[in-house]
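Following: one structure in structure tokens, then a few remarks.
Residue numbers (this note's numbering): 4 to 161.
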């Protein structure tokens, strides 16, 4: 059997695709950073949640910070790498609202402003080109495989 396509999506899913991992990131990004809050809001078994948190800390997506010495208590905060996953969460949420919830939205996010921008606008995540700032559409993309021996459709013919 040939090896699967080398892919950053596969590598990312290996890290955050385990059950509950993205939900941990959702909760931490919303401000629920303590273990008991995470257990309550996610509904994960405590032992499973402990394993997910350890893995996310070990790979540098979250950091574990003490907030009490007696007894020892910790909270979990996103690292820079963790914060960079937030657009993925926002896009997944928007997709779920459109395609799974019949437009019902359990959570609405508001852009509060910054950098001279007046806030109070509902957030709608979009993917834009880093050069021109235009929203990117599927039919405007072209893939360029960078791994030797691979084409867009699979392994190159020998």
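We put the CB at the ideal spot given by N, CA and C, even for glycine.
- Annotation for residue 49: 42 place their beta carbon closer than 7 Å to its own, counting only its chain and skipping 5 residues before and after.
- Residue 56 and residue 24 have their C-alpha atoms spaced approximately 8 Å apart.
- From the listed residues 108, 16, 46, 116, the smallest Cα separation to residue 30 is found for 46.
- When only Cα atoms are considered, residue 62 and residue 85 end up about 10 Å apart.
- Under DSSP, residue 67 shares a beta bridge with 79.
- Residue 70 sits exposed, since fewer than 16 C-beta atoms from the chains shown fall within 10 Å of its C-beta.
- Membership of residue 116 in the beta strand (DSSP E) is indicated by the continuous run 113-117.
- Under the three-state reduction of DSSP, residue 34 is assigned to coil, being neither helix nor strand.
- Rounded to the nearest angstrom, the gap between the Cα atoms of residue 94 and residue 72 is 38 Å.
- Shown here for residue 148: same chain residues with a beta carbon closer than 7 Å to its own, the five before and five after excluded, namely 154, 155 in chain order.
- Here residue 124 is bridged, per DSSP, to 114.
- The alpha carbon of residue 20 has as its nearest neighbour, out of 91, 140, 134, 39, the alpha carbon of 91.
- Pairing residue 79 with residue 89 gives a Cβ-Cβ distance that is not under 9 Å.
- Secondary structure at residue 130: coil, using DSSP grouped into helix, strand and coil.
- Residue pairing by DSSP puts residue 158 in a beta bridge opposite 153.
- Residue 150 and residue 9 have their C-alpha atoms roughly 7 Å apart.
- Between the C-alpha atoms of residue 77 and residue 36 there is a straight-line separation of about 9 Å.
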